[in-house]
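Under the working numbering, the first residue of the sequence shown carries the number 1002, and numbering increases by one thereafter.
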Amino acid sequence: MKEGKSKMRCPEARKLISALVDGELEQMVRQDLERHIAVCPPCAHYRTEMMVLREKLSALPELESPPFLFSRIEARLQRATRVRPLLRFASIAALVIVILVAGFIGDMIGKYIFEFSRSSVSKEQMISEAIAPLSDAPAYSLSYIVFSGEEGTIYEK
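Have a look at this one:
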């Protein structure tokens, strides 16, 4: 751009040229842009291209929208807004089911642990009963370690 009276630069001018062609600029901005275009051949060429494009677009026939287009769009929007509450309800119901299943499983495990802790069978007997089926295993797999967390005892079979 050659510097003249306009302080506008080409990138700013290019953003405003479309609004100029459409007659949407305020007088002060329009005058500054016109001064820039008067001394800047690339921006003047761009304005000419935009004017030709605007003329070609205005020469196109105006299209008619299909009948009932807007009522169909409104109906789809209403259906979409009705589906959202159903999805919200379904996700809440699924969450409740997951919580109930987790609670049921936790309750079963808790009862098992409670009964295990109250049983009269000694830990050594339980461990030997637990590893008894392993004694029939091949010789290379007979080394199993069982930890008893309460006393810190390690049993090795």
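The beta carbon of each residue, even a glycine, is placed where N, CA and C say it ideally should be.
- Glycine 1107 and alanine 1091 have their C-alpha atoms some 24 Å from each other.
- Around the beta carbon of methionine 1109, fewer than 16 other beta carbons lie within 10 angstroms, which makes this residue exposed.
- With 16 or more other CB atoms across the displayed protein chains lying within 10 angstroms of its CB, histidine 1037 is buried.
- Taking C-beta separations shorter than 8 Å and ignoring five residues to either side along the sequence, the partners of valine 1030 in its chain run Leu1017, following chain order.
- The distance from the Cβ of arginine 1055 to that of valine 1022 is about 5 Å, consistent with a contact at the 8 Å cut-off.
- Secondary structure of serine 1066 (DSSP, three-state): coil.
- For alanine 1020, the closest of Gly1104, Ile1100, Arg1048 and Leu1088 by C-alpha to C-alpha distance is Arg1048.
- Around the beta carbon of methionine 1009, a 10 Å sphere encloses 16 or more other beta carbons of the protein chains shown; the residue is thus reported as buried.
- A residue is called buried once 16 or more other Cβ atoms fall within 10 Å of its Cβ, and cysteine 1011, having fewer, is exposed.
- By the neighbour-count criterion, in which 16 or more other beta carbons inside 10 Å mark a residue as buried, leucine 1078 falls on the exposed side.
- A straight line joining the alpha-carbon of isoleucine 1100 with that of proline 1068 spans about 50 Å.
- Here the alpha carbon of glutamate 1075 sits roughly 22 Å from the alpha carbon of arginine 1089.
- One alpha carbon belongs to isoleucine 1114, the other to arginine 1080, and they sit about 51 Å apart.
- The C-alpha of glutamine 1028 lies about 51 Å from the C-alpha of proline 1086.
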